[in-house]
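Participant: Quick note, the sequence shown lines up with residues 7 to 154 if you use our numbering.
Right, I'll just put the structure down here and ask away after.
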Amino acid sequence: MAKILILYISATGNTEMMAEAIAGYLEYKNHEVVIKTFDFDPIDVEELLDYDLVLIGTHSNDDGEIPFEAEDFYDELDEVNLKDRLFGVFGSGDTAYDEFCLSVDLMGDKLEHIGAKLVPIRLKVDLTPANEDMERCDAFAETAVQMV
Ligand SMILES: Cc1cc2nc3c(=O)[nH]c(=O)nc-3n(C[C@H](O)[C@H](O)[C@H](O)COP(=O)(O)O)c2cc1C
């Protein structure tokens, strides 16, 4: 059984739906899942070391910039040694924008830059997840947990 943190930010609920689908799949597979949000739960980057896998979800509501609620976390990622720790990134965006799900990529790039191991799928959904996107959430969760 893996100990997994799902940490996300969602303004209109789309990324939240993804987080809940991913959590539901992992709980169904008997893993221990803790869910936190950037806007309501205090997050200490040191805490990331307590988990076998950390999945980070972010919308891209500020023209793709990291949402302000997650900015401190993003900046502080350098302050803890996350080399070879396992992370995955996901989120909802809107393909009408030039930079589709840019925040997901910024978060993934930063994690790779500091030496974390990244789940090879960066899960990006266009607006509200459809049924097939929910299946992609399951596949993402399965791929991630297989890497633990
Ligand atoms: C002001 C604004 C700017 C946005 N900029 C982007 C963007 O650059 N890239 C993108 O993929 N989506 C962009 N979006 C779309 C949101 O990311 C999209 O609606 C997403 O589904 C919101 O996810 P949430 O429901 O988890 O908050 C933007 C939305 C708003 C309101």
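Ideal Cβ placement from N, Cα and C applies to all residues, glycine included.
#1: Have a look at D68 and S98 and give me their C-alpha separation to the nearest angstrom.
#2: Going by the C-beta, is C107 closer than 7 Å to any heavy atom of ligand 1?
#3: Roughly how many angstroms lie between the CA atoms of T134 and E82, to the nearest whole one?
#4: Quick check: the Cα distance between I127 and M140, rounded to an integer number of angstroms?
#5: In or out: Y31 buried (at least 16 other Cβ within 10 Å) or exposed?
#6: In the DSSP assignment, what are the bridge partners of D68?
#7: Could you say which of M7, A8, M24, L13 lies nearest to E138 if we only look at CA atoms?
#8: Does any heavy atom of ligand 1 sit closer than 7 Å to the C-beta of A27?
#9: Does DSSP put D139 in a helix, in a strand, or in coil?
Facilitator: Judging by the given coordinates:
#1: 13 Å
#2: yes
#3: 30 Å
#4: 14 Å
#5: buried
#6: E71
#7: M24
#8: no
#9: helix
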